[in-house]
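Chemist: Take the sequence shown: its letter number 106 is residue 106 in our numbering, and every next letter is one higher. Dropping the structure in here first, questions after.
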Amino acid sequence: QVQLVVSGGGSVQAGGSLKLSCAASGYILNRRAMNWYRQAPGKERELVSTIASNGATWYTDSVKGRFTVSQDNAKNTLYLQMNSLESEDTAVYYCQAVTTLGAIWGQGTQVTVSS
């Protein structure tokens with residue numbers, strides 16, 4: 001079973017940047033897409049960004065123009081570059097791999113943005 005390890009969270013001031021990484025322990029067979037989710041205190045987990053196997057990307061409206069998802073297939077690693085961070089971005093961020101056999105979740109990483 002492939003595992004996903006998330007890193008890069010931390011505390012920043014509003015307007016700052018962070019880059020999250022999601023490293024897979026091996027090749028993800030039959031991968032359809034990779035997702036970034038986040039869950040803020042007291043809120044449901046929400047989908048933030050998606051990158052499909054063909055490279056197509058999607059962002060939730062609140063992060064468009066500020067966040068960029070990318071992947072390095074040679075390193076089996078997914079990234080989320082987060083710029084112009086806002087206090088509303090404070091949440092635990094998770095990565096997910098969607099395959100034809102189901103989903104694989106990474107552990108969360110805390111992102112805290114102070115105003």
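Glycine included, every Cβ here is placed at the ideal spot set by N, Cα and C.
1. In the DSSP assignment, find the beta strand (DSSP E) that holds R45 and state where it starts and stops.
2. Which runs of the beta strand (DSSP E) spanning at least 3 residues fall entirely within the stretch 19–102, listed in chain order?
3. In or out: G106 buried (at least 16 other Cβ within 10 Å) or exposed?
4. DSSP state of G10, grouped into three classes?
5. Is it buried or exposed for Y27, if we count other Cβ within 10 angstroms and need 16 for buried?
6. With a cut-off of 8 Å on the beta carbons, I'd call S114 and Q13 a contact; round off their distance for me.
Modeler: Here's the rundown:
1. From DSSP, R45 is part of no beta strand (DSSP E); its letter is neither H nor E.
2. For the stretch 19–102, whole beta strand (DSSP E) runs of length 3 or above, ordered along the chain, are 31–39, 46–52, 57–59, 67–72, 77–82 and 91–99.
3. Around the Cβ of G106, a 10 Å sphere holds 16 or more other Cβ atoms; the residue is buried.
4. In the three-state reduction of the DSSP assignment, G10 falls in the strand class.
5. Answer is exposed; the Cβ neighbour count stays below 16.
6. Indeed they touch by this definition, with Cβ atoms about 6 Å apart.
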